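Visitor: Residue numbers (this note's numbering): 52 to 239. Backbone N, C-alpha and C define an ideal beta-carbon position, used for all residues, glycine too. Note that the structure is a prediction, hence the values are computed from the model and not measured.
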């Protein structure tokens, strides 16, 4: 009974870890990029602490009202809504976007060049961004690695004890066979 509970518990834990890994990294196979919402500028559409899943979008498909994820600077990525499409005066093939956070009063101070657009959010998972953000940097990374190692250990503990129990049973069986042989009794 205890072994059955143990197996169920480890199966549930492994399943949760696999689902978390798919949600955080596996979606890249489907062409999605994952970002954590760190500010409330897009509330209530994207809550602080949410994970947003972003897919590429063609420049010509971006219109007013489209939320876009873009590079604000070399190390800053933002998601805001397009409030205007501004073609370049000299080259109409170059487009820039005027953006604004849903919760912000004013539009963003600068235009977003079309080459800085990463994509558009396709769905979000509330609160999971806190977990993702935590495990991407120490000490959270160390906690995640330790938890993974501990989970692997949990999976193998029943097998270790089971083999010890089988060895004990085998030795017990052999010793009782030997004892019966010495006494002349048939061990069967």
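Compare the Cα-Cα distances from residue 154 to each of 70, 131 and 102 and report the closest residue.
Guide: For residue 154, the nearest C-alpha among the options comes from 131.
Visitor: Touching or not, the region 91-102 and the region 177-191, by the rule of three or more beta carbon pairs under 8 Å?
Guide: Cβ pair count under 8 Å is three or more, so yes.
Visitor: Return yes when the Cβ of residue 129 is within less than 9 Å of the Cβ of residue 121, no when it is not.
Guide: Closer than 9 Å, so yes.
Visitor: If we count Cβ pairs, one from each stretch, closer than 8 Å, do we get three or more for the region 146-153 versus the region 79-96?
Guide: The region 146-153 is in contact with the region 79-96.
Visitor: Return the CA-CA distance between residue 156 and residue 208, expressed in angstroms with no decimal places.
Guide: Their Cα atoms are separated by approximately 57 Å.
Visitor: Please say whether residue 114 and residue 88 have beta carbons closer to each other than 9 Å?
Guide: The answer is no: Cβ separation not under 9 Å.
Visitor: Going straight from the alpha carbon of residue 73 to that of residue 106, what length do you get?
Guide: The straight-line gap from Cα to Cα measures roughly 16 Å.
Visitor: Under a three-way DSSP split, which group does residue 134 fall into?
Guide: Residue state, collapsed to three classes: strand.
Visitor: Which of the three DSSP states, helix, strand or coil, is assigned to residue 170?
Guide: The answer is strand: DSSP assigns residue 170 an E or B state.
Visitor: From the DSSP output, read off the bridge partner residues of residue 187.
Guide: Answer is none; residue 187 lacks a bridge partner.
Visitor: Roughly how many angstroms separate the alpha carbons of residue 190 and residue 117, rounded to a whole number?
Guide: Each residue's Cα considered, the two are about 37 Å apart.
Visitor: Can the beta-carbon of residue 170 be found closer than 9 Å to that of residue 119?
Guide: Yes, they are a contact pair.
Visitor: With respect to the beta strand (DSSP E) encompassing residue 107, which residues constitute its N-terminal and C-terminal limits?
Guide: No beta strand (DSSP E) holds residue 107; DSSP gives it neither H nor E.
Visitor: Between the Cα of residue 165 and those of 68, 112, 56 and 127, spot the shortest distance and give me the residue it belongs to.
Guide: Considering only alpha carbons, the answer is 112.
Visitor: My assumption, with CB atoms under 8 Å, is that residue 246 sits in contact with residue 206. Please give the rounded CB distance.
Guide: Nothing can be reported for residue 246, as the shown portion of the chain is limited to 52 through 239.
Visitor: Let's see if you can read the secondary structure: which residues bound the beta strand (DSSP E) around residue 151?
Guide: Taken as a continuous stretch (DSSP letters only), the beta strand (DSSP E) holding residue 151 covers 146-151.
Visitor: Tell whether a beta-carbon distance below 9 Å holds between residue 148 and residue 163.
Guide: Contact flag set, yes.
Visitor: Identify the residues that DSSP records as bridge partners of residue 175: which are they?
Guide: Beta-bridge pairing links residue 175 to 103.
Visitor: Tell me which residue opens and which closes the beta strand (DSSP E) that residue 87 is part of.
Guide: First-last of the beta strand (DSSP E) with residue 87: 84-87.
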